[in-house]
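> In terms of the working numbering, the sequence shown opens at residue 1031 and continues consecutively.
Backbone N, C-alpha and C define an ideal beta-carbon position, used for all residues, glycine too.
Since this is a predicted model, take the numbers as computed values, not measurements.
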Amino acid sequence: MRRALVTGGRGFIGRHLVRSLRGLGCRVATVGRSPASDPSDIVLDEASWTPSALGDIIEREAPDWIFHLAGSATGTREQLDRANVRTTLALLEGLARTARTPLLVCAGSAAEYGAAIRDGEPVAETLACAPVSDYGISKHAQSCAALRFAEETGHRVIVARVFNPIGADMPAHLALGSFARQIAASSDRSCCLRVGNLNVQRDMIDVEHAAKILIDLAFTENARGVVNVCSGQAPLLRDLVDCMISSSGRNVSLEVDPARVRPGEIRTIVGSTARLAEFGCLPPPTDFPAVVARIWEAVVDSTGSPN
């Protein structure tokens, strides 16, 4: 039986990944900060996220694969550095203290590419990263640490640069998650949705497909280094909002919130799937209306809002 250790296993991608791994018959243990009831969920507060503690966990669980998804997308520069960089360094040092040689899959982000992205041009893994946001900077530092660890130790490491995962239970800091919650929070059949620039196209991938790609890459022995986890499809955000409104069955008007508008925003960002194709790990086409409907249904279920 394959064994997997998933940090951040109770996060958005992590929950889907853990479910998929267990569906394949893998034994899975998770490491995170939030309280848990499952005995396979290991809870570490921030002060306990140390090389010693993580090394002990790796020795005890003896994983074939480590999926490192723990981290944060929001917060100050210091908070992001602590959540994304220092936790990764602690994990790498903890792994180095053991005699184990599991595959390490480290979740990166498309935000690492930053200013290197050109409008409408597929973003390839060979592009020199130029992150501009605090989040992108912290994720790039995390990825560099993981790749340096691979070079210095010979461990097999994959940095999976995830673009925009969408699906049920997506967090509120992501656009579609925020929009669904705004609509559900209204007690009336009519409501106003505060939005940013909807005339943009972004590579979005069903979170279930993203989880499958992570597993497929783990099974692909020659997969290593940086790999985009993307769909190669960049729908117009306005079209997805229209799908959300249709799923809600409500009369929704739109109001542009200046605080949600990013100056100089690139219109079209799409990831290159060439490397995924090289490894035989291409995702199926994304059914965007169906995914958006699942996002809405999950918000209705969690809030008790009438559909």
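If you measure between the beta carbons of I1235 and V1192, is that distance less than 9 Å?
Counting from 1 along the sequence shown, the entry for residue 1235 is found at position 205. Counting from 1 along the sequence shown, the entry for residue 1192 is found at position 162. Closer than 9 Å, so yes.
> Can you list, in chain order, the stretches of the beta strand (DSSP E) that have 3 or more residues and sit fully within the segment 1130-1155?
Entirely contained in the segment 1130-1155, the beta strand (DSSP E) runs reaching 3 residues are, in chain order, 1133-1139.
> Out of S1168, A1146, I1147 and R1116, which has the shortest C-alpha to C-alpha gap to R1107?
By one-based count along the sequence shown, residue 1107 stands at place 77. Residue S1168 is the option with its Cα nearest to R1107.
> Please report the straight-line C-alpha distance between A1008 and A1059, rounded to a whole angstrom.
Past the edges of the chain, shown from 1031 to 1337, lies residue 1008, and the structure says nothing about it.
> Measure how close the beta-carbons of G1184 and D1233 come, nearest whole angstrom, since I'm counting them as under 8 Å.
Looking up residue 1184 in the sequence shown gives position 154. Looking up residue 1233 in the sequence shown gives position 203. 32 Å between Cβ atoms; not a contact.
> Taking three-plus beta-carbon pairs below 8 Å as touching, is the segment 1251-1271 in contact with the segment 1172-1182?
They touch, by the three-pair rule.
> Please confirm if the segment 1320-1336 is in contact with the segment 1199-1208, defined as three or more CB-CB distances below 8 Å between the two stretches.
The segment 1320-1336 vs the segment 1199-1208: in contact.
> Looking at C1222 and E1285, is the spacing between their C-beta atoms short of 9 Å?
Taking the first residue of the sequence shown as 1, we reach residue 1285 at position 255. Taking the first residue of the sequence shown as 1, we reach residue 1222 at position 192. Yes, these two residues count as a Cβ contact at 9 Å.
> Under 8 Å: do the segment 1066-1075 and the segment 1126-1139 share three or more Cβ pairs, one atom per stretch?
Contact fails: fewer than three Cβ-Cβ distances are below 8 Å.
> Just to confirm my understanding: we take L1074, look at its own chain, exclude 5 residues before and 5 after, and list those with CB closer than 7 Å. What are they?
Position 44 of the sequence shown, counted from the first residue, corresponds to residue 1074. Result list for L1074: V1061, R1063 and A1083, in chain order.
> With 16 as the cutoff for other CB atoms within 10 Å, does M1274 come out buried or exposed?
Here residue 1274 corresponds to residue number 244 of the sequence shown, with the count starting at 1. Result: buried.
> Count the other CB atoms, across all protein chains shown, that sit within 10 Å of the CB of N1194; report buried if there are 16 or more and exposed otherwise.
As a working mapping, residue 1194 is identified with position 164 in the sequence shown. Flag for N1194 reads buried.
> For S1276, tell me which candidate among F1209, C1311 and L1244 has the shortest Cα-Cα distance.
Your numbering for residue 1276 matches position 246 in the sequence shown. That would be F1209, whose Cα lies nearest to the Cα of S1276.
> Leaving out the 5 sequence neighbours to the left and right, which residues in its chain are closer than 6 Å to L1122 when beta-carbon positions are compared?
Within the sequence shown, numbered from 1, the residue matching residue 1122 stands at position 92. Contacts found: F1179.
> Counting only the same chain and skipping the five closest in sequence on each side, list residues whose C-beta sits under 8 Å from that of I1297.
The sequence position of residue 1297 within the sequence shown is 267, counting from 1. Note on residue identity: the sequence assigns Arg, not Ile, to residue 1297. Taken in chain order, the residues that qualify are D1149, G1150, N1229, V1230 and Q1231.
> Can you round the beta-carbon distance between G1101 and A1113 to whole angstroms, since I take them to be within the 8 Å contact cut?
Within the sequence shown, numbered from 1, the residue matching residue 1101 stands at position 71. Within the sequence shown, numbered from 1, the residue matching residue 1113 stands at position 83. Confirmed, Cβ separation roughly 5 Å.
> Excluding sequence positions up to five away, which residues of its chain have a Cβ less than 8 Å from the Cβ of R1045?
As a first step, residue 1045 must be located in the sequence shown, where it is residue number 15. So the list reads G1039 and D1199, once near-sequence residues are dropped.
> What does the Cβ neighbour count give for Q1109, buried or exposed, with the cut at 16 atoms within 10 Å?
For this step, residue 1109 is matched to residue 79 along the sequence shown. It is exposed - the Cβ of Q1109 has fewer than 16 other Cβ atoms within 10 Å.
> Given a cut-off of 9 Å on the beta-carbon distance, is the pair L1047 and L1099 in contact?
The residue you call residue 1047 lines up with position 17 of the sequence shown. The residue you call residue 1099 lines up with position 69 of the sequence shown. Result yes, Cβ atoms of L1047 and L1099 sit closer than 9 Å.
> Between which two residues does the beta strand (DSSP E) harbouring F1097 extend?
Residue numbering aside, residue 1097 sits at position 67 when the sequence shown is read from its first letter. From DSSP, the beta strand (DSSP E) with F1097 extends over W1095 to H1098.
> Looking only at DSSP bridge pairs, what is E1285 linked to?
Counting from one through the sequence shown, the residue named residue 1285 turns up at place 255. Paired residue(s): R1224.
> Taking DSSP as the reference, what is the three-state secondary structure of D1111?
What you label residue 1111 is simply residue 81 of the sequence shown in a count that begins at 1. Helix, per DSSP.
> In or out: L1054 buried (at least 16 other Cβ within 10 Å) or exposed?
Within the sequence shown, residue 1054 is the residue found at index 24, counting from 1. Its Cβ having fewer than 16 others within 10 Å, L1054 is exposed.
> Can you tell me where the beta strand (DSSP E) with I1235 in it begins and where it stops?
Position 205 of the sequence shown holds residue 1235. Per DSSP, I1235 belongs to the beta strand (DSSP E) from M1234 to D1236.
> In chain order, what residues of the same chain lie with their CB nearer than 6 Å to the CB of V1187, ignoring the 5 residues before and after it?
By 1-based counting over the sequence shown, the position of residue 1187 is 157. Around V1187: L1134, A1176 and A1180.
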